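K.L.:
Numbering (the working numbering), first residue to last: 9 to 140.
Sharing a structure here in structure tokens format.
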């Protein structure tokens, strides 16, 4: 292999590592990156909520006994940042988790694996409007 070929291969390797490192950084500011309470985000979140979450949490987030907790008065929702709520929605909570108050599992992404981080952030924006 010629010196030129080795330099090209090494450069490609260094470039690949740099791209991966930058992608891992995310370019964010470390704060509540998903904090978008614009009317569009809230409307999109309400749409996702009405097709994914209402079976357990009710059409207005008031909860359904034995299934999903009342999200309109939830201290849990109030205490977590937007990023923390999105992270929670991404993984859910098993039924046997000591913090689970219903004994029913909260499925990851509400049981809808195709939901994106943006979808979940929009749900959080909607939750902020119904939680008092």
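From the three backbone atoms N, C-alpha and C, an ideal C-beta is built for every residue, glycine too.
In this text, all values refer to a predicted model and were calculated from it rather than measured experimentally.
Do residue 130 and residue 52 have their CB atoms nearer than 9 Å?
P.N.:
The count along the chain shown starts at 1 and reaches residue 130 at position 122. The count along the chain shown starts at 1 and reaches residue 52 at position 44. Closer than 9 Å, so yes.
K.L.:
Between residue 68 and the rest of its own chain, which residues show a CB-CB distance below 8 Å, the 5 nearest in sequence each way excluded?
P.N.:
In the chain shown, residue 68 corresponds to position 60, counting from 1. Cβ within range, chain order: 80, 138.
K.L.:
Apply the 10 Å Cβ neighbour rule to residue 49 and answer buried if 16 or more other Cβ atoms are within range, or exposed otherwise.
P.N.:
Working through the chain shown from its first residue, we reach residue 49 at position 41. Buried: at least 16 other Cβ atoms inside 10 Å.
K.L.:
With distances taken from CA atoms, which of 96, 112, 70, 93 is nearest residue 102?
P.N.:
Locating residue 102 in the chain shown gives position 94, counting from the first residue. The shortest C-alpha separation from residue 102 is found at 112.
K.L.:
Use the C-beta contact count for residue 133: other C-beta atoms within 10 angstroms, 16 or more gives buried, fewer gives exposed.
P.N.:
Within the chain shown, numbered from 1, the residue matching residue 133 stands at position 125. Residue 133 should be labelled buried.
K.L.:
Under 7 Å Cβ to Cβ from residue 94, same chain only, skipping five residues before and after it: list those, please.
P.N.:
Locating residue 94 in the chain shown gives position 86, where the first residue counts as 1. Result list for residue 94: 42, 125, 128, 129, 132, in chain order.
K.L.:
Which class does residue 112 belong to by DSSP, given the choice of helix, strand or coil?
P.N.:
Numbered from 1 along the chain shown, position 104 holds the residue referred to as residue 112. Looking at residue 112 - three-state DSSP - the assignment turns out to be coil, as it is neither helix nor strand.
K.L.:
Rounded to a whole number of angstroms, what is the C-alpha to C-alpha distance between residue 121 and residue 56?
P.N.:
As a position in the chain shown, residue 121 is number 113, starting the count at 1. As a position in the chain shown, residue 56 is number 48, starting the count at 1. Computed Cα separation, rounded: 12 Å.
K.L.:
Per DSSP, residue 76 is paired with what?
P.N.:
Counting from one through the chain shown, the residue named residue 76 turns up at place 68. Its beta-bridge partners are 72.
K.L.:
Quick one: what's got a C-beta closer than 6 Å to residue 118's C-beta in the same chain, skipping five residues either side?
P.N.:
Position 110 of the chain shown holds residue 118. 60, 61, listed in sequence order.
K.L.:
Name, in chain order, the residues that DSSP records as bridge partners for residue 136.
P.N.:
To locate residue 136, count along the chain shown from 1; it is residue 128. Residue 136 is not bridged to any residue.
K.L.:
With a threshold of 7 Å on Cβ separation, who are the neighbours of residue 64 within its own chain once the five nearest residues in sequence on each side are excluded?
P.N.:
What you label residue 64 is simply residue 56 of the chain shown in a count that begins at 1. So the qualifying residues of the chain are 72, 75, 76.
K.L.:
Can you give me the C-alpha to C-alpha distance between residue 100 and residue 108, rounded to a whole angstrom?
P.N.:
As a position in the chain shown, residue 100 is number 92, starting the count at 1. As a position in the chain shown, residue 108 is number 100, starting the count at 1. So the two alpha carbons sit approximately 10 Å from each other.
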